[in-house]
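These protein sequence lines map, in sequence, to chains A and B. Residues in the first sequence are numbered from 2 upward in steps of one, following the working numbering. Residues in the second sequence are numbered from 2 upward in steps of one, following the working numbering. We put the beta carbon where it would ideally sit given N, CA and C, even for glycine. These notes concern the structure reproduced below.
Number of protein chains: 2
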Amino acid sequence: MPDLTPPHIPPGSPGPLGPRGSPGPDTTQGPIRLHAHAPTVLRPAATARIVGGFWAARRHTNASVSIPQGPERLEQAGNLANLRAAAEGSVTFTGDFPFQDSDVHKWLEAASWQLADAPGPSGLAAEVARLTALVAEAQDTDGYLQTYYQVAHPERRWRELDWGHELYCAGHLIQAGIAHHRATGRRELLDVAVRFATHVDSVLGRDSGADKKLDGVCGHPEIETALVELYRETGERRFLDLAGHFVDRRGHGLLAQGIDRARDPGPAYWQDHLPLREAPTVTGHAVRQLYLLAGATDLAMETGDATLRDALERLWHAMAATKTYLTGGVGARHEGEAFGEPFELPPDRAYAETCAAIASVQWSWRMALLTGETRYSDLVERTLYNGFLSGVALDGDRWLYVNPLQVRDDHESHPGDSSARRTSWFRCACCPPNVMRLLASLPHYVASGDTEGLQLHQYATGSYATDAGSAVTVETDYPWKGRVTVTVDAAPVDRAWTLSLRIPSWCAEFTVSAPDGQDRTETDGGWLRIRRRWLPGERVVLDLALDVRLTEPDPRVDAVRGCLAIERGPLVYCLESVDQRPGLRLDEVTLEPAARTVAEHRPDLLDGVTVVTTTGHHRSDGTPTPLTAVPYHAWANRDDGAMRVWIPRS
Amino acid sequence: MPDLTPPHIPPGSPGPLGPRGSPGPDTTQGPIRLHAHAPTVLRPAATARIVGGFWAARRHTNASVSIPQGPERLEQAGNLANLRAAAEGSVTFTGDFPFQDSDVHKWLEAASWQLADAPGPSGLAAEVARLTALVAEAQDTDGYLQTYYQVAHPERRWRELDWGHELYCAGHLIQAGIAHHRATGRRELLDVAVRFATHVDSVLGRDSGADKKLDGVCGHPEIETALVELYRETGERRFLDLAGHFVDRRGHGLLAQGIDRARDPGPAYWQDHLPLREAPTVTGHAVRQLYLLAGATDLAMETGDATLRDALERLWHAMAATKTYLTGGVGARHEGEAFGEPFELPPDRAYAETCAAIASVQWSWRMALLTGETRYSDLVERTLYNGFLSGVALDGDRWLYVNPLQVRDDHESHPGDSSARRTSWFRCACCPPNVMRLLASLPHYVASGDTEGLQLHQYATGSYATDAGSAVTVETDYPWKGRVTVTVDAAPVDRAWTLSLRIPSWCAEFTVSAPDGQDRTETDGGWLRIRRRWLPGERVVLDLALDVRLTEPDPRVDAVRGCLAIERGPLVYCLESVDQRPGLRLDEVTLEPAARTVAEHRPDLLDGVTVVTTTGHHRSDGTPTPLTAVPYHAWANRDDGAMRVWIPRS
């Protein structure tokens, strides 16, 4: 058992920082720190640390390999040169895209969360300071900051909202500034962000009548969630108003009015076809859609806007029920990196961009806080363990942009084709620093609190505490084993509170032992609730049955009709050629619904995974053949062979 | 029986026209008129006319509705204004694409074939003359002709071979000029084409050493097949050499060298990743790939190049066996309008562009002539009756660009999305005039001749004759009925010749009665051969059994596993919501492999089609439900409901 120091539980709830004030009590070092009066059902845990188990290992690689390599990658790709060029007044822009600054901002956010989590690898703080200075020096005196327009096309500033990504980059800058401030207490990057946000407000904010402003929204949502967080961080209401303005102005055909029609992907691509409150389903570019929805959920959390909440619940249900892969991946279409139609979920041509999985986690977590319902964290879990984590290699330095559920034996890979192969960086490098920032801030997504107690949404060895003084330590070998031990470290004196444990929707059977000795089998909307006057040291042991499941697809998913998938706990499994007997073609394997399966932990394989073995059959002649399945998230770490999640039924 | 006047059989074989000479014997009025010494196995029929039956009706609509509407559509879309702008030296270009002239060229080709076929609707000849004059007036003095660069971007001429489509437009101009000349005997348009081709040769031709030329190929193949035909039409070898040069220079990474990387789709997109002779399979943009292959096949037909033929056979097999839909549609991917991987054939997201089906027909017909094998015309038949013909509505004035095999009950249609709904024209209007030119030249694809006799590749009521003096009349209600009556109209005196009838690969059973009274059940590679000294008036009656087939997909096509398709003769059938009982959701229907089916001709429905009725079941509770299937090519002529070709098995 790791040595878990009970966390410090600071008194009181977090207050807003106040404009340009000194940092308030920094009880939440994660991406969301709600305003004290935000009318949500749940609030993120006041402190959260992951110190062991599955996620600690992946986060260690993130901290020791992925994040430290970031500045070098950004230097090689020209992102840092662009910042220097802006500072120096050069006219040489490097790279193909206007949004390249956002890679730097996301790295700074990731590195900041890492600094908050632990002292961090040697030199990380210095690198953060160096890149922060580069960003600050690149900023124009009026607050503007996007090197593509500063360096290459100053005359087009604010004239290409469709494809310019200026507000998108501003959003990532704001998030980086907030993370840096929360993690280090330093204001340099936050000040840069506030200056840019203020400039944005002066150019694009709600018209006061006196000064005529641009009526426009960004082709790529992202600033909305960032502005709400900036309101939370600074207490300045104008940022919340600006976020609301952008959400409300979207969907009125403001985009693509003046552009070359050949560059117009149609209004649904950037969610400009309908106001969000009226949209019947998620559509268009998946990352754009999901960042927008995350921002709108932030708004609903702060404003209590009921019509917005209704729309968000409707849209989330449409996504989860009809447009989400078994892996949690979303955005089925390569064309437009977009959501497909309901049940259009091809395994081979799954786009399922890593960034879309991240955006889905961000949105669903906000929905969990807004509503208190477990289904949102069910999807967070499915996404984290499968379609998100597949995005980064075990070694932490190769990435997937696209996360298919099938690669054929005769896979054709052509230069220029969106690849399902790992690579060390991308021309459009949005995904790697996005993975880094989610892993670095992952403890934030584990637990929450409310006036009634503490809720565990995910099971990760570590310590979690609420504003109200409830604190627990979790120990578990999840997802390999189903036992979760929760020890109360601190508790409010003389009053009862409720420890709520999410029973995953995949779990058919569980047992729990609590200090009162009562049997509990009932859940409350997915929550197992244990209410008592807790004493420090009291313990709850939850055992989730991890039987292997051979899952049938929804019959409406045409593309995987007649197939089965192997699952165990929160993990989706896949067959990879490399694990089968030599020469076996995965395209010729079938599986019976009643096939016997064996789960076995293999410490030697893929940094230690539980494999599932079973017996399948050759399609042609029915010959039995042994099959070995590995967790989907660990695929493509050994060779470039075939892979499939969905296996035809015998 | 229609009144079929036996065709005139001109003596001798067609000779080349000779440079600027007067028209030679015009025995072939179709798109391919081989050089007299071309070492192919088969040659197109010397004359071919369709006068009745299935295709005559569709061609009547083409001649009376589609083609006459062309000039108005081209005026509305700005194509004709661009030609006037080029002639007048204006700088206002209308439209979004550099290749818009090609729509005019294709319409001129279509209208010319129509004039060749019959006197044509009143005023058509005048319209052809008017548009021909517009094209001629737009041509620059040096022979250059592409209004996009003449009007909008003269400084970029020949500098954007990747996306500029200059040679693509030249190719369509050449084909139009040839069609116009063959159909009318007039040279105006052909002269324009020869001038442009000569200019192209001077700019991009093979370097002679003395004059340094551009080393480049067009981002969109098309000129290759046109140049070979221009060689055939004029006898000028330099055009054949230029075609060979473009085929050989492709695949060496000449494209996308200087362009913005964000506009680079990767070399496979435009078949620049490997020389054609080395490519293992068809890949990239389907229309680009297939026009290139058609041109390469033209080359092989004229040169007898064996290595080229080997490559063409390999590539055709790869396409037909692994990348072709049941409908003959090709180019599965929306992204890049491209071929997918082997067996990546999703029914819902089938792109299957109408132009790709046309290009497939053009290529396969050339392969049939090159090799004499029936499999090529098998695919031509499948494509013509299904994935091609679906591209035009029964009324002749609405079109499909994309030809999916499934539209769900809850189909989501968003502005900007590639639509599976019919529309009267397209922003990128390549398909409609392409359909027009194929329908107008369709008789050309029916029959061929060789020194041994006459071959019938398709069954269409009409008259067909070879250079060698064999002539037949065909009468049939194909594809509704399986009886084909072939009457010999003329025959070489005093020598035997072979009438060869293609037995379609879908046909399990046939009978044939011939003048010699012999039973024939054996075929020779798909050809039923009847050799005798034919006398005029002798008759062969072929009966092809048209049993309804419930077709199982290749088990490697993951996307339609566990489904059945309904076929009858060359026709693929589909279910459309509008034909089922009200409220039935197609997504909930299943079908048993042993389901009884009934074929019934319905003269009242869809201009007269044979429907297939059967009984399916509700997926949920197994309740039987009557089902009515209509030919796929006739779908989307009544409403915008659901449709599916592949039906899940009960």
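| query | Which parts of the region 189–262 of chain A are runs of the alpha helix (DSSP H), unbroken and 4 residues or longer, counting only runs that do not cross its ends? | reply | Counting whole runs of 4 or more residues, the region 189–262 of chain A contains the alpha helix (DSSP H) stretches 189–205, 224–235 and 238–250.
| task | Tell me whether Glu510(B) sits in a helix, a strand or coil according to DSSP, three-state version. | result | For the purposes of this step, residue 510(B) is taken as the residue at position 509 of the second sequence. Three-state DSSP puts Glu510(B) in coil, outside helix and strand.
| message | Give me the residue from Val331(B), His335(B), Asp349(B) and Glu354(B) with the minimum Cα distance to Pro343(B). | response | As a first step, residue 343(B) is located in the second sequence; it is residue number 342 there, counting from the start. Considering only alpha carbons, the answer is Val331(B).
| Whose C-beta lies closer than 6 Å to the C-beta of Ser361(B) among residues of the same chain, with five residues either side of it excluded? | Counting from 1 along the second sequence, the entry for residue 361(B) is found at position 360. So the qualifying residues of the chain are Leu291, Val331 and Thr384.
| request: Spell out whether any CB of chain B is found under 8 Å from the CB atom of Asp555(A). | output: The count along the first sequence starts at 1 and reaches residue 555(A) at position 554. For Asp555(A), the answer is no, since every Cβ of chain B falls outside 8 Å of its Cβ.
| For the region 313–326 of chain B, which residues have a CB atom closer than 9 Å to at least one CB atom of chain A, in sequence order? | So the close ones are Thr323.
| message | Which residues of the region 260–288 of chain B have a Cβ closer than 8 Å to any Cβ of chain A? Give them in chain order. | response | Answer set for the region 260–288 of chain B: Asp261, Arg262, Ala263, Asp265, Pro266, Gly267, Pro268, Ala269, Tyr270, His274, Thr282, Thr284 and Gly285.
| Any beta-carbon of chain B closer than 8 Å to the one on His253(A)? | Here residue 253(A) is taken as the residue at index 252 of the first sequence, counted from 1. Taking 8 Å as the threshold, the shortest C-beta distance from His253(A) to chain B does not fall below it.
| field | is_contact[Met644(A), chain B] using C-beta, thresh 8 Å | value | The count along the first sequence starts at 1 and reaches residue 644(A) at position 643. For Met644(A), the answer is no, since every Cβ of chain B falls outside 8 Å of its Cβ.
| query | What residues in its chain sit with their C-beta under 7 Å from that of His38(B), if we drop five residues either side in the sequence? | reply | Counting from 1 along the second sequence, the entry for residue 38(B) is found at position 37. Cβ neighbours of His38(B) beyond the five flanking positions: none.
| query | How would you list, in chain order, the residues of chain A whose beta-carbon sits under 9 Å from the beta-carbon of Arg74(B)? | reply | Locating residue 74(B) in the second sequence gives position 73, counting from the first residue. Those within 9 Å of Arg74(B) in chain A number zero; the least Cβ separation is about 18 Å.
| Who are Arg650(A)'s beta bridge partners in DSSP? | Counting from one through the first sequence, the residue named residue 650(A) turns up at place 649. Residue pairing by DSSP puts Arg650(A) in a beta bridge opposite Leu592(A).
| query | Using the beta-carbon of each residue, which ones in chain A are nearer than 9 Å to Arg409(B)? | reply | Sequence index remark: in the second sequence, residue 409(B) carries index 408 (1-based). The contacting residues are Glu342, Pro343, Phe344, Glu345, Arg557 and Asp559.
| field | DSSP three-state assignment for Gln456(A), whether helix, strand or coil | value | As a position in the first sequence, residue 456(A) is number 455, starting the count at 1. In this structure, Gln456(A) counts as strand in the three-state DSSP scheme.
| chain B contact for Phe98(A) (CB, 8 Å cutoff) | In the first sequence, counting from the first residue as 1, residue 98(A) sits at position 97. Using a CB distance cut-off of 8 Å, Phe98(A) counts as an interface residue toward chain B.
| task | Let me know the secondary structure DSSP gives Tyr465(A) once reduced to three states. | result | Taking the first sequence and counting its residues from 1, the one referred to as residue 465(A) is at position 464. Reduced to three states, the DSSP call for Tyr465(A) is strand.
| query | Whose Cβ in chain B lies nearer than 9 Å to the Cβ of Pro649(A)? | reply | Residue 649(A) sits at position 648 when you count from the first residue of the first sequence. Within 9 Å Cβ-Cβ: Pro556, Asp559, Arg562 and Gly563.
| task | Assign Arg44(A) to buried or exposed, taking buried as 16 or more other Cβ atoms, counted over all protein chains shown, within 10 Å of its Cβ. | result | Here residue 44(A) is taken as the residue at index 43 of the first sequence, counted from 1. Buried.
| Glu230(B) versus chain A: which residues are under 7 Å apart at the beta carbon? | As a position in the second sequence, residue 230(B) is number 229, starting the count at 1. Residues of chain A passing the Cβ test: none, with the nearest at roughly 30 Å.
| query | Shortest alpha-carbon distance to Arg534(B) belongs to which of Ile504(B), Arg315(B), Ala497(B) and Glu553(B)? | reply | On the second sequence, position 533 is the one that residue 534(B) refers to. Just measuring C-alpha positions, the residue of Ile504(B), Arg315(B), Ala497(B) and Glu553(B) sitting nearest Arg534(B) is Ala497(B).
| said: Any beta carbon of chain B sitting closer than 8 Å to that of Arg350(A)? | reply: Here residue 350(A) refers to the residue found at position 349 of the first sequence. At least one chain B Cβ lies under 8 Å of Arg350(A).
| request: Go ahead and pull the three-state DSSP assignment for Thr93(A). | output: Walking along the first sequence from the start, residue 93(A) turns up at place 92. Thr93(A): coil per DSSP, three-state reduction.
| request: Starting from Ser378(A), trace the beta strand (DSSP E) both ways and give me its first and last residue. | output: As a first step, residue 378(A) must be located in the first sequence, where it is residue number 377. It is not in any beta strand (DSSP E) - Ser378(A) instead sits in the alpha helix (DSSP H) that spans Thr375 to Arg383.
| query | When DSSP labels each residue in this structure, what does Val403(B) get in the three-state scheme? | reply | Counting from one through the second sequence, the residue named residue 403(B) turns up at place 402. Assigned with DSSP and collapsed to three states, Val403(B) falls in coil, not helix or strand.
| query | If you run the structure through DSSP and keep just helix, strand and coil, what is His182(B)? | reply | Within the second sequence, numbered from 1, the residue matching residue 182(B) stands at position 181. It is helical.
| message | Could you tell me the alpha carbon to alpha carbon distance between Gln406(A) and Ser578(A), rounded to whole angstroms? | response | In the first sequence, the residue the question calls residue 406(A) occupies position 405. In the first sequence, the residue the question calls residue 578(A) occupies position 577. Note that residue 406(A) is Leu in the sequence shown here, rather than Gln. Looking at the two C-alpha atoms, the distance is approximately 14 Å.
| is_contact[Glu89(A), chain B] using C-beta, thresh 8 Å | Residue 89(A) sits at position 88 when you count from the first residue of the first sequence. Answer no: the Cβ-Cβ gap between Glu89(A) and chain B never drops below 8 Å.
| task | Could you spell out the range, first to last residue, of the alpha helix (DSSP H) harbouring Leu439(B)? | result | If you number the second sequence from 1, residue 439(B) lands on position 438. Its alpha helix (DSSP H) spans residues Cys432 to Ala441.
| field | Stretch-stretch touch, CB-based, cutoff 8 Å, three pairs: the region 93–113 of chain A with the region 425–442 of chain A | value | In short, these stretches touch, since the Cβ pair count reaches three.
| Backbone secondary structure at Tyr352(B) - three-state DSSP | As a position in the second sequence, residue 352(B) is number 351, starting the count at 1. Looking at Tyr352(B) - three-state DSSP - the assignment turns out to be coil, as it is neither helix nor strand.
| query | With C-beta atoms as the reference, is Arg569(A) less than 8 Å away from Ala600(A)? | reply | Counted from its first residue, the first sequence places residue 569(A) at position 568. Counted from its first residue, the first sequence places residue 600(A) at position 599. Going by C-beta atoms, Arg569(A) is nearer than 8 Å to Ala600(A).
| task | Throw me the rounded Cβ distance for the Gly252(A) and Gln272(A) pair, which I believe falls under 8 Å. | result | If you number the first sequence from 1, residue 252(A) lands on position 251. If you number the first sequence from 1, residue 272(A) lands on position 271. So it is a contact: roughly 7 Å between Cβ atoms.
| query | From this set, Val52(A), Leu536(A) and Asp544(A), which residue's C-alpha is nearest Asp520(A)'s C-alpha? | reply | Residue 520(A) sits at position 519 when you count from the first residue of the first sequence. For the residues Val52(A), Leu536(A) and Asp544(A), the minimum Cα distance to Asp520(A) belongs to Asp544(A).
| field | Presumed contact (8 Å Cβ cut-off) between Gly220(B) and Leu243(B), rounded CB distance | value | Here residue 220(B) refers to the residue found at position 219 of the second sequence. Here residue 243(B) refers to the residue found at position 242 of the second sequence. Wrong, their Cβ atoms sit about 17 Å apart, outside the cutoff.
| Can a CB atom of chain B be found closer than 8 Å to the CB of His335(A)? | Here residue 335(A) is taken as the residue at index 334 of the first sequence, counted from 1. At a cut-off of 8 Å between beta carbons, His335(A) contacts chain B.
| query | Can you list the residues of chain A that Arg428(B) reaches, using a CB-CB cut of under 8 Å? | reply | Within the second sequence, numbered from 1, the residue matching residue 428(B) stands at position 427. Residues of chain A passing the Cβ test: Arg262.
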